[in-house]
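Taking the working numbering, I'd label the letters of the sequence shown as residues 26 to 196.
We put the beta carbon where it would ideally sit given N, CA and C, even for glycine.
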Amino acid sequence: MAVAELGDKTQLSILLLSSKTKKHLYLLVGVVLAFLIVDGIAIAAGSWVSSIIPLRMVKILSGIMFIVFGLVMLIRKEKEDEPKKFYNNPFMTGFVLILLAEWGDKTQIASALFATKYNPVLVLFGTLIALTLVSIMAVYFGKFIAERINKKILTKVAAVVFIILGVVFFF
């Protein structure tokens, strides 16, 4: 699972979100909780995951969410002396974004398929461990980038990437 998730839109999103907050643990907990719910449902449903929720509708909602996050980042002006508030709650931001983005993702589908052949509880634990480790790497890489790149440039780049990812969901 970890290898499949490297470079994925989900990990790119976590990296970008982590570059916009100092509350990395809150972000990570929100992300892991979203993975638990999405992959837990997929594993519980086995190979029928795609029949639970219309995949096209989830992809459209995910795309809209990414575009909205990107636009908010572009439009929102932060004052230099004001403490950074990343949408006021990095836990909720990470949770909602990952919850929507992971529906129908290759790792979710792979988890569901593994659960049809192997012990579902072990598949869930293995999936969560792999996704958590990759997410920790994304959070710390985002933190590393945020410390070395101009905040205004980073915000604009992150906003554009979110908008592009949102548009990709429509195809």
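Boundaries cannot be given for K45, as no alpha helix (DSSP H) includes it and DSSP labels it neither H nor E. In the DSSP assignment, I188 falls within the alpha helix (DSSP H) that extends over K176 to V193. The C-beta separation of L40 from F166 comes to about 6 Å, placing the pair in contact by the 8 Å criterion.
Taking C-beta atoms under 8 Å as the contact rule, V63 and L122 fail to qualify, at a distance of about 12 Å. DSSP places F166 within a helical segment (H, G or I) once states are collapsed to three. Taking C-beta separations shorter than 6 Å and ignoring five residues to either side along the sequence, the partners of K34 in its chain run L190, following chain order.
Taking 7 Å as the cut-off, the Cβ atoms of K48 and P115 count as close. Judged by DSSP in its simplified three-state form, F150 adopts helix. Between F194 and I85, the beta carbon gap of about 7 Å places them in contact (Cβ cut-off 8 Å).
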